[in-house]
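Residue numbers (the numbering used here), protein chains in the order written: chain A, 506 to 723; chain B, 506 to 723.
Where is the CB? At the ideal position from N, CA and C, for every residue including glycine.
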């Protein structure tokens, strides 16, 4: 197909397509004449992955190029490939590790996952993000809410097991990376919305008299 | 205590304290002389709640005043009080409901929760946020990831049940509201970080050979 059709079918503007080719994210088309090139289904497929990385995952072009490099490396074992895609999604670390109460919060999360036997890297930024919130709950006098920690870990295990089964069943590495990126970001949005709805439901079940309940259900 | 001590103990600047008094969020102290007032433990307690609403919950001063009004209304039943606090945390709705694929995504989520018998309000913005992500997953060709929906709902039920038990056990309405606000926002951050760590673990368990695993554990 010509670039105009590739643009239409992928929903990506022609200047963006040219930019991705120039930046090495998308292979060039096959030249069919002066200023003309032919693109295939592989280009369409790759464009979808690029947009998942950049538009959904929020990756910079440089970070996307790195993930695509991992996708294209035939020798890379799948766990490393998914790990590269996954860690490219990490938000910047915010906290200063000098604060002793923050360090204690981080150690608490690390210890919990060690007890649970999770295979995770200890220097991972997700520990920092968890520590930010745990330290904030303590500083605000909400220690009792930390009794939820194990339940959060149970829920996370439940969800991650299902997600990884689906992504790995795809088999093909580019599709697996696409699944990790879109699933991590968009799945988070779904889970957070459902948690808030479940809180509404849990509040109604505990605080509304049984005879008043049926009217409240959707 | 004098305003300087209240400022020190609450970690809130004197101008902010005066601003909250002027805006009706914090009761004025008891005047003990020209330009002097005495504040009690109740003021300290209320300041902590104000900061939870504004700094953690991201509420505007007007929204915080509304939630505090609900806290101070002695006749309000607890479910309505928690609902008021909870819905004040809602992010703005983004999507245009005219898009048929977005409507279908929203209906899908509503139907799922109806089947599960959740007591939630159908016009709730959380349905819109879930629909945003579900519609995006479909548009990106990631339909298989939607097989996670029921698992997300299971995880949300698990977490919300524990959270509401803890918050309701507090008994006192201002403390319950504080728990809903900080728990909803900061608990979300903890859960999301643990989900990403659990994905790392689930990937290792599925894709790394058993004899290589022990070295990977934290």
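Residues sharing a beta bridge with residue i, DSSP
i, result
"residue 538 (chain B)", "B:541"
Residue interval of the alpha helix (DSSP H) (run including residue i)
i, result
"residue 588 (chain A)", "583-592"
"residue 607 (chain A)", "605-621"
"residue 704 (chain A)", "678-712"
"residue 512 (chain A)", "508-515"
"residue 553 (chain A)", "546-556"
"residue 530 (chain A)", "Per DSSP, residue 530 (chain A) belongs to no alpha helix (DSSP H) and is neither H nor E."
"residue 645 (chain B)", "Where residue 645 (chain B) is concerned, there is no enclosing alpha helix (DSSP H), given that its DSSP letter is neither H nor E."
"residue 662 (chain B)", "654-674"
"residue 577 (chain B)", "566-577"
Span separating the alpha-carbon of residue i from that of residue j
i, j, result
"residue 594 (chain A)", "residue 587 (chain A)", "11 Å"
"residue 696 (chain A)", "residue 554 (chain A)", "23 Å"
"residue 523 (chain A)", "residue 597 (chain A)", "30 Å"
"residue 561 (chain B)", "residue 510 (chain A)", "48 Å"
"residue 640 (chain B)", "residue 675 (chain A)", "20 Å"
"residue 717 (chain A)", "residue 603 (chain B)", "34 Å"
"residue 507 (chain B)", "residue 619 (chain B)", "54 Å"
"residue 527 (chain B)", "residue 538 (chain B)", "19 Å"
"residue 712 (chain B)", "residue 583 (chain A)", "7 Å"
"residue 623 (chain A)", "residue 665 (chain A)", "12 Å"
"residue 626 (chain A)", "residue 698 (chain B)", "13 Å"
"residue 644 (chain B)", "residue 657 (chain B)", "20 Å"
"residue 689 (chain A)", "residue 536 (chain B)", "55 Å"
"residue 512 (chain B)", "residue 557 (chain B)", "16 Å"
"residue 514 (chain B)", "residue 546 (chain B)", "10 Å"
"residue 631 (chain B)", "residue 540 (chain B)", "47 Å"
"residue 687 (chain A)", "residue 677 (chain A)", "16 Å"
"residue 667 (chain A)", "residue 579 (chain A)", "26 Å"
"residue 516 (chain A)", "residue 563 (chain A)", "18 Å"
"residue 610 (chain B)", "residue 693 (chain A)", "16 Å"
"residue 691 (chain B)", "residue 680 (chain B)", "16 Å"
"residue 577 (chain A)", "residue 714 (chain A)", "59 Å"
"residue 628 (chain B)", "residue 628 (chain A)", "42 Å"
Sequence-distant residues of the same chain with beta carbon closer than 8 Å to residue i, five excluded per side
i, result
"residue 575 (chain A)", "581, 585, 586, 589, 590, 682"
"residue 531 (chain A)", "522, 525, 548, 551, 552, 555"
"residue 529 (chain B)", "570"
"residue 642 (chain A)", "648, 650, 651"
Own chain partners of residue i with C-beta closer than 6 Å, once the 5 adjacent residues on each side are dropped
i, result
"residue 534 (chain B)", "542, 543, 544"
"residue 606 (chain B)", "640"
"residue 646 (chain A)", "none"
"residue 648 (chain B)", "none"
"residue 519 (chain B)", "508, 512"
"residue 608 (chain B)", "none"
"residue 559 (chain B)", "569"
Residue i: CB within 8 Å of a non-hydrogen atom of the ligand ZN
i, result
"residue 529 (chain A)", "No copy of the ligand ZN occurs in the structure displayed, which carries no ligand at all."
Beta-carbon contacts of residue i that lie in its chain and below 7 Å, excluding the five residues immediately before and after
i, result
"residue 685 (chain B)", "587, 590, 591, 672"
"residue 621 (chain B)", "658"
"residue 573 (chain B)", "530"
"residue 565 (chain A)", "none"
Chain E residues whose Cβ lies nearer than 7 Å to that of residue i
i, result
"residue 583 (chain A)", "Checking the listed chains, one finds no chain E in this structure; the protein chains it contains are A and B."
Checklist entry - Are the stretch 658-670 of chain A and the stretch 562-577 of chain A in contact at 8 Å, needing three or more beta carbon pairs? => result With the cut-off at 8 Å, the stretch 658-670 of chain A and the stretch 562-577 of chain A do not touch.
Checklist entry - How do the stretch 628-644 of chain B and the stretch 689-703 of chain A stand: do at least 3 beta-carbon pairs fall below 8 Å, yes or no? => result Taking a contact to require three or more Cβ pairs closer than 8 Å, the stretch 628-644 of chain B and the stretch 689-703 of chain A qualify as touching.
Next on the checklist: Below 8 Å, how does it come out for the stretch 668-686 of chain A and the stretch 640-653 of chain B: are there three or more Cβ pairs, yes or no?
Outcome noted: Flag = yes, the stretch 668-686 of chain A and the stretch 640-653 of chain B touch.
Checklist entry - Does the pairing of the stretch 707-720 of chain A with the stretch 614-623 of chain A give three or more beta-carbon distances under 8 Å? => result In this structure the stretch 707-720 of chain A does not lie against the stretch 614-623 of chain A, because fewer than three pairs of beta carbons, one per stretch, are closer than 8 Å.
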